[in-house]
Every structure is written in C-alpha cells, then in structure tokens.
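A.B. asks: Using the numbering used here, the letters of the sequence shown map in sequence onto residues 921 to 1081. Cβ coordinates follow ideal geometry from the N, Cα and C atoms, glycine included.
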Amino acid sequence: MHTHRANLEVIVRAVIQKDDKLLVCHEKGSDHYFTPGGHIEPGESAEEALKRELKEELDLTIKKSFFIGAVENIFTLYPRGSGFTQDREEHHELILNYKVEALDVKDKSLEDHIDFFFFDIGRFSKEAVLPIVLRESILKWLKDKKIFWASQIGDKAILHP
921 MHTHRANLEV
931 IVRAVIQKDD
941 KLLVCHEKGS
951 DHYFTPGGHI
961 EPGESAEEAL
971 KRELKEELDL
981 TIKKSFFIGA
991 VENIFTLYPR
1001 GSGFTQDREE
1011 HHELILNYKV
1021 EALDVKDKSL
1031 EDHIDFFFFD
1041 IGRFSKEAVL
1051 PIVLRESILK
1061 WLKDKKIFWA
1071 SQIGDKAILH
1081 P
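The following block contains the structure:
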C-alpha cells in the first residue's frame, strides 16, 4: 500500500529528427537527458502544449506533428544533499509523445536552465535519456513505426505489446 500520494502530471514530448540525429535536452547540472517538451497546462490540448513548449524553448514552429505513443512513469526523487527518506518526492507522469517535423531546427536553447543537443541513434541508445522505457520505446518506434504504450515504475520497465 502506498502511503505517499503523487499528483499525476501530464507531459507532452517531441521526437525531432535532423539528418538521422535526435534532439535531446539536458538540464544544466544534471546527469541525464530527455526529449523536448513540457507540462500541459489546464485547459490546453496536448498539441497546443507541444506548440507552446517548443516555441518557448527553441523558437520552433511545427510544420507537422502526430502522436506516436504514451509512457507512464512513476518514480521517486530525493532532494540533493538531503539524505532523508522523508524528504522524498513521489512523481507520477503520463508522457504523450509526438513525432514533430519543423522548419529550421536548431539546438539553441532560449531558456537559461537547459541545453539542447543532437545525438546520433547510437549515442541516443546509450545515454541516460529518461525515462529509459521512453528511450527504448522511441528506438523501437523508429524501426517499426507502431504506436507504443509503456510503463516505468521505479526500476521496472514494461513495453506493452
């Protein structure tokens, strides 16, 4: 039985390719990467949030986008330097993923706290692109183009058929 409750966060993310490379983000000071996007605001559709987030982060204008899959991610964060389990933060995300085609894609961030990079598929498959089940789902989608549903609950990853 879970004693800590986490609010469900609905997030939209973009899979953006340029010359066989994938665009990823990195929060300055962190040791992991993620795909571009962010939280869906109340009253906002997933596609509206995708357009807004990519405009805010990269000044990117979407030419075309389509849904490719969803990932449920349940994890616990421990604040840096805390060392106390009671300080943990429970997180539960539903991540909606879109393949995005855009004009003039660059890896120049408009936000001070994140950087963007293009990774070739080999590097993308080896780096800590989180959640890991999303990284694996994107790699599978690039091969088979089938809509995916996957879950990551702590260290347990499940790619549903």
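Looking only at DSSP bridge pairs, what is Leu862 linked to?
C.D. replies: This structure cannot speak to residue 862, because the chain is shown only from 921 to 1081.
A.B. asks: So which of Pro962, Tyr998, Val1025 and Ser950 has the shortest CA-CA distance to Ala934?
C.D. replies: Indexing the sequence shown from 1 puts residue 934 at position 14. Nearest neighbour of Ala934 by Cα position, chosen from Pro962, Tyr998, Val1025 and Ser950, turns out to be Val1025.
A.B. asks: Can you list, in chain order, the residues of its chain whose CB lies under 8 Å from that of Ala1048, leaving out five sequence neighbours each side?
C.D. replies: In the sequence shown, residue 1048 corresponds to position 128, counting from 1. Excluding positions up to five away in sequence, the list reads Asp951, His952 and Tyr953.
A.B. asks: Specify the secondary structure class of Gly1042 as computed by DSSP and reduced to three states.
C.D. replies: Position 122 of the sequence shown, counting from 1, holds the residue named residue 1042. Looking at Gly1042 - three-state DSSP - the assignment turns out to be helix.
A.B. asks: Where Tyr1018 and Glu976 are concerned, what is the direct C-alpha to C-alpha distance, given to the nearest angstrom?
C.D. replies: Residue mapping note: residue 1018 aligns to position 98 of the sequence shown, counting from 1. Residue mapping note: residue 976 aligns to position 56 of the sequence shown, counting from 1. So the two alpha carbons sit approximately 17 Å from each other.
A.B. asks: So what does DSSP say about Ile1058, is it helix, strand or coil?
C.D. replies: Within the sequence shown, the letter at position 138 stands for residue 1058. If DSSP states are grouped into helix, strand and coil, Ile1058 belongs with the helices.
A.B. asks: Quick one: Cα of Lys1063 to Cα of His1033, how far?
C.D. replies: The residue labelled residue 1063 in the question sits at position 143 within the sequence shown. The residue labelled residue 1033 in the question sits at position 113 within the sequence shown. C-alpha separation (whole angstroms): 32 Å.
A.B. asks: Contact between the stretch 958-970 and the stretch 930-944: three or more CB pairs below 8 Å?
C.D. replies: yes
A.B. asks: If you measure between the beta carbons of Ala1077 and Ile1052, is that distance less than 8 Å?
C.D. replies: Here residue 1077 corresponds to residue number 157 of the sequence shown, with the count starting at 1. Here residue 1052 corresponds to residue number 132 of the sequence shown, with the count starting at 1. Their beta carbons are under 8 Å apart, which means Ala1077 touches Ile1052 by this criterion.
A.B. asks: Judging by CA-CA distance, which residue of Trp1069, Ile982 and Gly963 is the nearest neighbour of Leu1023?
C.D. replies: Looking up residue 1023 in the sequence shown gives position 103. Nearest to Leu1023 by alpha-carbon distance, out of Trp1069, Ile982 and Gly963, is Ile982.
A.B. asks: How many angstroms separate the CA atom of Gly1073 from the CA atom of Lys1066?
C.D. replies: In the sequence shown, residue 1073 corresponds to position 153, counting from 1. In the sequence shown, residue 1066 corresponds to position 146, counting from 1. Here the sequence assigns Ile to residue 1073, which means Gly is not the residue at that position. Taking the straight line joining both Cα atoms gives about 22 Å.
A.B. asks: From Asp939 to Arg1043, what distance separates their C-alpha atoms?
C.D. replies: Start at 1 with the first residue of the sequence shown, and residue 939 comes out as number 19. Start at 1 with the first residue of the sequence shown, and residue 1043 comes out as number 123. Distance between the alpha carbons of Asp939 and Arg1043: 14 Å.
A.B. asks: Would you decide whether Phe987 is buried or exposed? Buried here means 16 or more other CB atoms lie within 10 Å of its CB.
C.D. replies: To locate residue 987, count along the sequence shown from 1; it is residue 67. Exposed.
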